[in-house]
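Chemist: Residue numbers for the sequence shown follow my numbering, so the first one is 1 and each next one is one higher.
Glycine is no exception: its CB is placed at the ideal position from the N, C-alpha and C atoms.
None of the values given here were measured: they were computed from a predicted structure.
Take this structure, written in structure tokens, and hold onto it; I'll ask about it next.
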Amino acid sequence: MNPLRDDHGSARCVPGPADHDPTPVNPTRTRRLCIVGGSTRDPGGVESFCARALEALNTHWTGGEAFWVPADSAHLSAARLPRFLRALHAFRRANRVPIDVLWLNVANLPDLLFVPLAKALGIRVLVTLHLGANSRLQRSGVLRWLSRTLAARADRIALLFDGQDAEIELPANVPRSTIRTFLPPESFAPPREAATGPELRLIHAGRLSEGKGSLAIVDLCAALDRAGIPFTARIIGRGDEALMEALCARIETHGLESRVALSDWLDGPALIAALGGADILVHLSRLDSFPLIVLEAMAAGTIPIAIDMAGVRAMTTAYDGQLVAPDAAVSGAEAWLESNDLADLRRRGAAMGARVREDYSWAACVATLAAAIDATQPAAGA
């Protein structure tokens, strides 16, 4: 089943422009907010972010009505271009009942093409960039200039965390707000009983790629195996064909077939249950500064190990977790795991999870986002 299609409660979660007209059935609400972002074919953090924001807004926002048009821009190629073009058309078609604000969640350069389209339609634009300093859009001078130029046409930028604007290059003339992210409703359920088994339980989840650390967790498992540390690991998600072949080959090379399990992407309760069934989230990504999966894991009581970037630093400073240097990520993670007592890690995880769940209520997150929406006014000369 399409993990974005049917299980987001009463909110109207639009599965994709190729499937349905995203115009809501009740266009008479005060304002219309269109969320754009994510890809139905390759679900990951941005897709989860959009789906939860949609449900939270339609549950707690009294200022209007929200709906979602996936951008379908992930891994864009000639074969996938028609899906992206259909998404652009779906957004334009949805404006038959005028859209007041586009909230664009950007994961790549094609996503930013929604900005000039929205401005041409007279729609105010709020942009959230799901990027870190090591993303391709920031490493390449040409792509950085293009993304900054397109983002400069937005009316407001919604930062994912305080300090994101110090990590990535943003247009200086666009006003900014800081919002919060949304945990899934399953995160607020009572936690399961504490584990007592002797094996360290590792997990890695999301859209799989080398840059996101999907091969690095196998190298970490190999290092733990050589050190004689009992463990199991689970890798959850989808990647392109080359990545999946490399992942399977690396697991086989290290003889880890009985210790490392590969799973297709899990949605909603199943993913949260998987996170809650692990002790450590291994997220050695060089791309994601503020990865949603890290916050989800923390809420589930699973301590993260991540490469030191501004967003995850903000999370681990506020709660718990371990940061490692990008040039020694695997060795740093191994050393930290070897130096910690498993029972103590589990106690720390439980305490951390309780704090995160308390701090990230949907009502509080929607109030922060609503303030940014209200502040999104047409830029001078727009």
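1. Would A300 be called buried (16 or more neighbouring beta carbons within 10 Å of its own) or exposed?
2. Would you list the residues sitting across from P130 in a DSSP beta bridge?
3. Assess, as a yes-or-no matter, whether the region 307-323 is touched by the region 156-169 under the definition of 3 or more beta carbon pairs within less than 8 Å.
4. Could you check if D219 belongs to the surroundings of the ligand PLP, using beta carbon to heavy atom distance under 7 Å?
5. Report yes if the CB atom of L143 is closer than 8 Å to the CB atom of L104, and no otherwise.
6. What's the C-alpha gap between E193 and M298?
7. Determine the burial state of L85: buried for a count of at least 16 other Cβ atoms within 10 Å of its Cβ, exposed for fewer.
8. For A375 and V127, I'd like the C-alpha separation in whole angstroms.
9. Report the partner residues of T232 according to the DSSP bridge assignment.
10. Look at A195 and R31 and say whether their C-beta atoms are less than 8 Å apart.
11. So, using beta-carbon positions, are A66 and L33 closer together than 8 Å?
12. Leaving out the 5 sequence neighbours to the left and right, which residues in its chain are closer than 8 Å to A459 when beta-carbon positions are compared?
13. So, for A205: in the same chain, excluding its five sequence neighbours on each side, which residues have a beta-carbon less than 6 Å away from its beta-carbon?
14. Could you tell me if W145 is buried or exposed, where buried requires 16 or more neighbouring beta carbons within 10 angstroms of its beta carbon?
15. May I have a chain-ordered list of the alpha helix (DSSP H) segments no shorter than 4 residues that lie completely inside the region 151-208?
16. Cutting at 7 Å between CB atoms, please list the residues of its own chain near L243, excluding the five before and the five after it.
Modeler: So, from the data block:
1. For the purposes of this step, residue 300 is identified with residue 300 of the sequence shown, where counting begins at 1. Per the 10 Å Cβ criterion, buried.
2. By 1-based counting over the sequence shown, the position of residue 130 is 130. Note that residue 130 is His in the sequence shown here, rather than Pro. Beta-bridge annotation (DSSP): H130 is not paired with any residue.
3. In short, these stretches touch, since the Cβ pair count reaches three.
4. Ligands are entirely absent from the displayed structure, and the ligand PLP is therefore not among its contents.
5. Within the sequence shown, numbered from 1, the residue matching residue 143 stands at position 143. Within the sequence shown, numbered from 1, the residue matching residue 104 stands at position 104. L104 sits away from L143, with the two beta carbons spaced by 8 Å or more.
6. Looking up residue 193 in the sequence shown gives position 193. Looking up residue 298 in the sequence shown gives position 298. Distance between the alpha carbons of E193 and M298 is about 16 Å.
7. Taking the sequence shown and counting its residues from 1, the one referred to as residue 85 is at position 85. By the 16-neighbour rule on beta-carbons within 10 angstroms, L85 is exposed.
8. As a working note, residue 375 is residue 375 in the sequence shown. As a working note, residue 127 is residue 127 in the sequence shown. Those two C-alpha atoms are separated by around 13 Å.
9. One-based indexing of the sequence shown puts residue 232 at position 232. The partner list for T232 (beta bridge, DSSP) reads R201.
10. Translated into the one-based positions of the sequence shown, residue 195 becomes position 195. Translated into the one-based positions of the sequence shown, residue 31 becomes position 31. Not a contact, by the Cβ cut-off of 8 Å.
11. The sequence position of residue 66 within the sequence shown is 66, counting from 1. The sequence position of residue 33 within the sequence shown is 33, counting from 1. A contact, by the Cβ cut-off of 8 Å.
12. The question about residue 459 has no answer, for the chain in this structure spans 1 to 382.
13. Locating residue 205 in the sequence shown gives position 205, counting from the first residue. For A205, same chain residues with a beta-carbon under 6 Å away, outside a window of 5 residues either side, are I236, G237 and I293 in chain order.
14. As a working note, residue 145 is residue 145 in the sequence shown. In the assembly as shown, W145 is an exposed residue. Its beta-carbon has fewer than 16 other beta-carbons within 10 Å.
15. The region 151-208 contains these whole alpha helix (DSSP H) runs: 164-167.
16. Counted from its first residue, the sequence shown places residue 243 at position 243. So the qualifying residues of the chain are L208, S209, E210 and S214.
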